[in-house]
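In my numbering, the protein residues as written are 62 to 338.
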């Protein structure tokens with residue numbers, strides 16, 4: 062697994078991405094070759110034992126593809142690698158019942174955890190790998206870390222805090238300072254907070270992602286965050302992103318509230334990343 066997926070938070074994932082892509086493509090080629098002869102193996106001279114061995118190799122390759130994809134936090138769309146691979150899998154490969162997630166098939170792991178609960182999400186997503194505690198831990202950590210990195214620009218302060226929480230959980234796990242059940246409880250709570258983009262202490266006035274992001278990046282000052290939110294909403298013209306003159310109108314409104322040009326630039330980046338503005 063570690064040949065394809067890093068087990069730590071830093072962006073080693075990107076260094077290993079070519080290895081994963083090559084593996085996905087190789088599996089696709091294997092599926093195509095298998096499909097081309099699947100109905101004619103006995104006529105081609107394969108014994109029943111050899112046919113079973115081929116099927117086991119095929120299933121093992123697919124299991125590893127699934128485990129690697131999940132561990133890397135990649136929501137792999139098979140057509141990105143082979144246009145007809147989905148057809149081949151559907152036509153020639155019968156999935157295990159335990160791997161079927163019905164309407165949740167294409168959801169990222171963190172959303173599965175939210176909808177199905179941690180244990181069910183693990184069993185449904187990892188299949189045969191669900192009994193490997195180390196694989197489960199690394200898969201969850203990589204998915205959480207990937208979410209934190211990809212969403213960081215939307216709310217740097219919040220995701221920096223979540224990154225520290227994840228690092229603490231990983232450290233405790235590796236030091237055996239918490240039990241496995243305690244570990245699962247902590248990562249499930251972290252996943253819930255990441256999906257909700259908030260926690261139980263968030264004031265009810267911060268009822269949008271934008272307001273919460275502003276408050277997180279304004280040292281928790283709720284009233285200032287609400288004033289900045291109102292100023293941005295009042296000042297923003299249509300189609301302001303990427304248009305310097307229009308962006309300057311928003312920055313002027315921010316300056317009225319923040320009174321500091323460096324702060325204006327910092328908070329403007331947060332505003333820019335929030336789709337509601």
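Cβ coordinates follow ideal geometry from the N, Cα and C atoms, glycine included.
**Asked** When we look at the beta-carbon of residue 110 and count the other beta-carbons within 10 Å, is it buried (16 or more) or exposed?
**Response** exposed
**Prompt:** So, are the CB atoms of residue 295 and residue 314 less than 8 Å apart?
**Reply:** yes
**Item:** residue 161 in three-state terms, based on DSSP
**Value:** Unreliable placement is indicated for residue 161, whose pLDDT of 38 sits below 50; no coordinate value is reported for it.
**Prompt:** By how many angstroms is the C-alpha of residue 220 removed from the C-alpha of residue 81?
**Reply:** 27 Å
**C-alpha distance - residue 222 paired with residue 216, whole-angstrom precision** = 10 Å
**Request:** Could you work out which residue in 116, 88, 253 is closest to residue 204 when comparing CA atoms only?
**Result:** 253
**Asked** Does DSSP classify residue 82 as helix, strand or coil?
**Response** helix
**Message:** My output table needs one value for residue 291: the three-state DSSP class, helix, strand or coil.
**Reply:** helix
**Request:** Less than 8 Å between the CB atoms is what I'm expecting for residue 338 and residue 273, so what's the real figure, rounded?
**Result:** Wrong, their Cβ atoms sit about 13 Å apart, outside the cutoff.
**Request:** Could you spell out the range, first to last residue, of the alpha helix (DSSP H) harbouring residue 217?
**Result:** 217-235
**Item:** Whole-angstrom distance between residue 280 and residue 198, CA atom to CA atom
**Value:** 32 Å
**Assigned secondary structure, residue 310 (DSSP; H/G/I helix, E/B strand, else coil)** = helix
**For residue 65 and residue 262, the rounded distance between their alpha carbons** = 38 Å
**Message:** Please tell me whether residue 402 and residue 245 are closer than 8 Å, where the distance is taken between their beta carbons.
**Reply:** The displayed coordinates of the chain run from 62 to 338. Any statement about residue 402 would go beyond what the structure contains.
**residue 229, buried or exposed, once every other Cβ within 10 Å from all chains shown has been counted against 16** = exposed
**Asked** In the structure shown, what three-state DSSP assignment does residue 107 receive?
**Response** coil
**Prompt:** Is residue 112 closer than 8 Å to residue 128 when the C-beta atoms are compared?
**Reply:** no
**Item:** Helix, strand or coil at residue 242 [DSSP, three-state]
**Value:** helix
**Asked** To which residues of the same chain is residue 266 closer than 7 Å at the C-beta, ignoring the five residues directly before and after it?
**Response** 283, 287
**Prompt:** Which residues in the same chain have their Cβ closer than 6 Å to the Cβ of residue 319, if we skip the five residues on either side of it in sequence?
**Reply:** 325
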